[in-house]
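Report on the structure given below.
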Amino acid sequence: MKIAPMVKKSIWFAWLLTVPVGIWVTYEVYPPSIDGSIWGVLAFLLLTAVVASMPMVVNNTPIFLIQWVSMSVFLTYGLFVEMILIQISVVILLTRLRLQKTDAYKFPLNSLMFFIVSLLSGLVFYALGGTHGENFAQNPFILVLGTIYGISNFVINTIILIFIQAFAFKLKGPYFGKDFIWESITTLITFPIGFVLYELYREMGIISLLFVGIPFASLSIILSLYYSSDKVNEFLQNAAEIGHQLAERLKANEVIDLFVQKLIEMLPVDYAYILDVVNNKELKLIYKVEHGEFLEPVAAPLKKGEGISGLVWADKKPVLFHSKKQWKQINSGYIPPSVESILSVPIVRNAQVIGVLVLAANKKRAFEKSQLMIVDILCSHFAIAVENARHHEKTKENSERCALTGLYNYRYFENMLTSEFEKLQNSERDLLSLILLDIDHFKSVNDTYGHQSGNEILCELAVRLKERIGDIGTVARYGGEEFVILLPDMMKGDAFKLAEQIRLMIASEPFALLQSMDANGKIIFVDITASIGVATAPQDADDSLALIRHADRALYVGAKRSGRNRVAEYVK
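Per this note's numbering, residue -13 is the first one in the sequence shown, and the count goes up by one each step.
Put into structure tokens, the structure is as follows:
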């Protein structure tokens, strides 16, 4: 959650104006009820410190189980002592969470919030006639007032939290998520413990804190373990679902995009990098996302054992660093200086490391060991999905491409032509031009120089056509020595001019026969010409087959019969 710098300054200013003065006024108006030794207060302070250092973290939100101690302190010593102990516990809690410098405003924010909660809930207690040090058996009404105090404490705390989320963090909700449910449940469980601790302390003194403190510590550990296991189960379910989604993708780029997107959604990731093992010699950065933005993956290649990702590659084991101190001596160079936490996992397929994933965050201790395990599982799914997608792409390409020239084959072209004609009929296209090209006297080239030399000419012509057409159309091998070019939204006149440029490009540049040599051992160059036919829909054809037929008619009637090495357009 981001917060504006002006709001941070306002928080500090509000704390300076409110908390120090407020605590002093509280001392004057409601002086502490400390009878005799101060050791009791110090014992409660120790218990408060222990409780504050053992928060539960749900959805990255620490749940502060201090209410039962604060209630017991309040009923025993009064509002001032309860305020002081709560303020100390806030400092202990936030120190335990290792806040960054940019989050320093959370100290005054939480201090101010708990001061207001203590003050208002205490005033409710006093307004209803509550006093301190009463025995529940002699005065049962104090039990009722204590319950009201606890409820008002929880309600006021909740209202202030919603106010802070709405106005300071500009969150629109929902405000009652999983962390709120956990806090409500734990509050209901721990409030009765506050009454028990109060009565035991009255009867047994300091020793009572051990009888209550030890079970509470056990309860906190059990709840933390339960939440951790619940969170791991949730991660595992997400991992299984993500694995299925990855397997459904048939393009390698889509697999990588989905993989990184899901990781960013699931974990507190600021930076994500994927490195590919190239020829088992080096790691090359192939994917780079920083703060949700896809960037050009530019970085120097890494050798095995070099940098964090190089070590992961060499050891075939994942690593987890909680702060920069742990990894700054092995920084590979592409990781930003603001990074603190790093999680890196090898991407393994058939017992071989084929890549390395690196996730990084600016926050210390952003990742947990359980998350490392989940990412390791996801990397296994990812490796299989990428390999399957690449295999599918290769198979599809082989089925769509001419094995000799690398151009699209007739089957692919036919499907594409049908699709483009549907767009034309649905008014998604205005025009559809087609150029059909045939090499003149190609049989004599094969007879003179051999079929291998003929194949060289076909391949060289394919390269020239692809370079000339680029992205304005699609080039395919139509069969034998014929090539076809599909040009969406190009007028017939423009298509004719383009065909003429292609004819000149072929006629003016001889083709080298690298597999054939003359008597002097020099490479043979052959002059080639082509006849070309042009047709455009909808003016020349009402369907895809008619468009091909009419371009073919223009080619043979208008170009071949008129002497070859020329362009002809279809004329009705």
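C-beta atoms are modelled at their ideal positions from N, C-alpha and C, and glycine is treated no differently.
All values reported here derive from a predicted model rather than from experimental measurement.
Inset, instruction - Report the partner residues of F511 according to the DSSP bridge assignment. - result: As a position in the sequence shown, residue 511 is number 525, starting the count at 1. DSSP lists A498 as partners of F511.
Inset, instruction - Check whether the Cβ atoms of I518 and A485 sit closer than 8 Å, and answer yes or no. - result: In the sequence shown, counting from the first residue as 1, residue 518 sits at position 532. In the sequence shown, counting from the first residue as 1, residue 485 sits at position 499. Contact check for I518 against A485 passes: the beta carbons are separated by less than 8 Å.
Legend entry - Own chain, CB closer than 6 Å to D262, minus 5 neighbours either side, in chain order: For this step, residue 262 is matched to residue 276 along the sequence shown. The residues are K270, I272, G341.
Inset, instruction - From the DSSP output, in three-state form, read off S405 for me. - result: Taking the first residue of the sequence shown as 1, we reach residue 405 at position 419. Secondary structure at S405: helix, using DSSP grouped into helix, strand and coil.
Inset, instruction - Starting from S517, follow its DSSP beta bridges and name the residues at the other end. - result: Taking the first residue of the sequence shown as position 1, residue 517 is located at position 531. DSSP lists D424 as partners of S517.
Legend entry - Inter-stretch contact (C-beta, 8 Å, three-pair minimum) for the stretch 118 to 126 and the stretch 57 to 64: Contact between the stretch 118 to 126 and the stretch 57 to 64 is present: 3 or more CB-CB pairs across the two stretches fall below 8 Å.
Inset, instruction - Go to I559, then tell me how far its alpha helix (DSSP H) extends in each direction, as first and last residue. - result: Residue 559 is absent from the structure shown; the chain starts at -13 and stops at 558.
Inset, instruction - Measuring alpha carbon to alpha carbon, tell me which of K87, S39, H230, L195 ends up nearest G26. - result: In the sequence shown, counting from the first residue as 1, residue 26 sits at position 40. Between G26 and the set K87, S39, H230, L195, the nearest pair of CA atoms involves L195.
Legend entry - Distance between beta carbons of A238 and L249, contact taken as under 8 Å: Residue 249 sits at position 263 when you count from the first residue of the sequence shown. Residue 238 sits at position 252 when you count from the first residue of the sequence shown. Going by Cβ atoms, the distance from L249 to A238 rounds to 17 Å, so no, they are not a contact pair.
Inset, instruction - Please classify T88: is it buried, with 16 or more other beta-carbons within 10 angstroms of its beta-carbon, or exposed? - result: Locating residue 88 in the sequence shown gives position 102, where the first residue counts as 1. Sixteen is the threshold: since fewer than 16 other Cβ atoms of the shown chains lie within 10 Å of the Cβ of T88, the residue is exposed.
Inset, instruction - Could you tell me whether the Cβ atoms of L417 and D475 are closer together than 8 Å? - result: Locating residue 417 in the sequence shown gives position 431, counting from the first residue. Locating residue 475 in the sequence shown gives position 489, counting from the first residue. Against a cut-off of 8 Å, the Cβ pair of D475 and L417 comes out as a contact.
Inset, instruction - Count the other C-beta atoms from every protein chain shown that fall within 10 angstroms of the C-beta of N559, then say buried if there are 16 or more, exposed otherwise. - result: Absent from the model: residue 559. The displayed extent of the chain is -13 to 558, so no value can be given.
Inset, instruction - Within 10 angstroms of the Cβ of A286, are there 16 or more other Cβ atoms? Answer buried if so, exposed if not. - result: Taking the first residue of the sequence shown as 1, we reach residue 286 at position 300. By the C-beta density criterion, A286 is exposed, having fewer than 16 other C-beta atoms within 10 angstroms.
Legend entry - A90, DSSP secondary structure in three states: Stepping through the sequence shown from its first residue, residue 90 is reached at position 104. The answer is coil: DSSP assigns A90 none of H, G, I, E or B.
Legend entry - Helix, strand or coil at S39 according to DSSP, with G and I counted as helix: Taking the sequence shown and counting its residues from 1, one reaches residue 39 at position 53. The answer is coil: DSSP assigns S39 none of H, G, I, E or B.
Legend entry - Best match in K302, L236, E282, F399 for proximity to G459 [C-alpha to C-alpha]: Residue mapping note: residue 459 aligns to position 473 of the sequence shown, counting from 1. Comparing Cα positions, the closest option is F399.
Inset, instruction - Provide the residue(s) that pair with A258 in DSSP beta bridges, ordered along the chain. - result: Counting from 1 along the sequence shown, the entry for residue 258 is found at position 272. When beta bridges are read from the DSSP output, A258 appears opposite V275, L345.
Legend entry - Pair within 8 Å by beta-carbon distance, L98 and T4: Here residue 98 refers to the residue found at position 112 when the sequence shown is read from its first residue. Here residue 4 refers to the residue found at position 18 when the sequence shown is read from its first residue. In this structure, L98 sits near T4, with a CB-CB distance shorter than 8 Å.
Legend entry - When S170, L358, R84, R188 are compared against L253, the one with the closest alpha-carbon: Here residue 253 corresponds to residue number 267 of the sequence shown, with the count starting at 1. Answer by Cα proximity: L358.
Legend entry - Environment of N266 [buried if 16+ CB atoms lie within 10 Å]: In the sequence shown, counting from the first residue as 1, residue 266 sits at position 280. The residue in question, N266, is exposed, as its Cβ has fewer than 16 Cβ neighbours within 10 Å.
Inset, instruction - Look at the Cβ atom of L129, then the Cβ atom of F181, and state whether they are nearer than 8 Å. - result: Numbered from its first residue, the sequence shown carries residue 129 at position 143. Numbered from its first residue, the sequence shown carries residue 181 at position 195. Against a cut-off of 8 Å, the Cβ pair of F181 and L129 comes out as a contact.
Legend entry - T34 vs I52 beta-carbon contact at 8 Å: Locating residue 34 in the sequence shown gives position 48, counting from the first residue. Locating residue 52 in the sequence shown gives position 66, counting from the first residue. For the pair T34 and I52, the CB atoms are nearer than the 8 Å cut-off.
Inset, instruction - Could you check which residue in Q86, E185, G278 has the C-alpha nearest to that of E251? - result: Taking the sequence shown and counting its residues from 1, one reaches residue 251 at position 265. Comparing Cα positions, the closest option is G278.
Inset, instruction - Compare the C-alpha of F353 against each of R376, S327, H377 and name the closest. - result: What you label residue 353 is simply residue 367 of the sequence shown in a count that begins at 1. Comparing Cα positions, the closest option is S327.
Legend entry - Buried/exposed call for V103, threshold 16 Cβ in 10 Å: By 1-based counting over the sequence shown, the position of residue 103 is 117. With 16 or more other Cβ atoms inside 10 Å of its own Cβ, V103 counts as buried.
Legend entry - Check whether A448 and L393 have beta carbons under 8 Å apart: Locating residue 448 in the sequence shown gives position 462, counting from the first residue. Locating residue 393 in the sequence shown gives position 407, counting from the first residue. Contact check for A448 against L393 passes: the beta carbons are separated by less than 8 Å.
Inset, instruction - Following the continuous beta strand (DSSP E) through P332, name the residue where it begins and the one where it ends. - result: Taking the sequence shown and counting its residues from 1, one reaches residue 332 at position 346. According to the DSSP assignment, P332 belongs to the beta strand (DSSP E) that extends over 327 to 335.
Legend entry - Helix, strand or coil at P17 according to DSSP, with G and I counted as helix: Locating residue 17 in the sequence shown gives position 31, where the first residue counts as 1. In the three-state reduction of the DSSP assignment, P17 falls in the coil class.
Inset, instruction - May I have the straight-line CA-CA distance separating V7 from S324, to the nearest angstrom? - result: Here the question's residue 7 lines up with position 21 in the sequence shown. Here the question's residue 324 lines up with position 338 in the sequence shown. Their backbone Cα atoms lie some 38 Å apart in a straight line.
Inset, instruction - Spatial neighbours of G465 within its chain, please: CB distance less than 7 Å, with the 5 preceding and 5 following residues excluded, ordered by chain position. - result: Reading the sequence shown from its first residue, position 479 is the one you call residue 465. These residues qualify, in order along the chain: Y396.
Inset, instruction - Going by CA-CA distance only, name the one from I492, F407, K311 that's closest to A523. - result: Against the sequence shown, residue 523 aligns to sequence position 537. Measuring from the Cα of A523, the nearest candidate turns out to be F407.
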